[in-house]
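In mature numbering (1 follows the signal peptide of the UniProt record, and there is no 0), the protein residues as written are -20 to -1, 1 to 87.
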C-alpha cells in the first residue's frame, strides 16, 4: 500500500511540473507575440500566427536537445516564418523596430 501511495505522489508531482512548464512556455510565447504585435501594429489574425510560431520555438527549445547549429537553424526558420506573414508596411515597421524582432526571435 505504501508503494502504491508513493507511486501516486510521484506521478502527481511529475504531471504538475510538466503542466507548469507548459504554462510557462505559453506565457513566454504570449508576451513575446504581444510585444511584437504592438510594435508592428499587427491585427488579431497575424498576432495569433506569430503566437503559434513563438510557441513552437519555445516547445522546440525545451523538448529537443539542440546544439548551437540546431538553435541557429531554428532561429532563422522562425525569423523567416514571421517575415513571411508581414505586409510591406509591416516590414518597414520591422526595420524600424528591429531590436524587438531580434529580442523575440533570440534563442
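In this text, a Cβ means the ideal position worked out from N, Cα and C, and glycines have one as well.
The criterion of a C-beta distance shorter than 9 Å is not satisfied by residue 41 and residue 13. Taking 8 Å as the upper bound for CB-CB distance, residue 84 and residue 15 are in contact here, some 6 Å apart. Taking a contact as a CB-CB distance under 8 Å, the pair residue 54 and residue 87 counts as one, their CB atoms being some 6 Å apart. With at least 16 other beta carbons inside 10 angstroms of its own, residue 22 counts as buried. Non-local beta-carbon contacts of residue 24 in its own chain, meaning distances under 8 Å to residues more than five positions away in sequence, are absent. Taking residue 73 as the centre and dropping the five residues before and after it, the same chain places the C-beta of 19, 20, 21 closer than 8 Å to its C-beta, in chain order. For residue 74, the enclosing alpha helix (DSSP H) covers residues 68 to 76.
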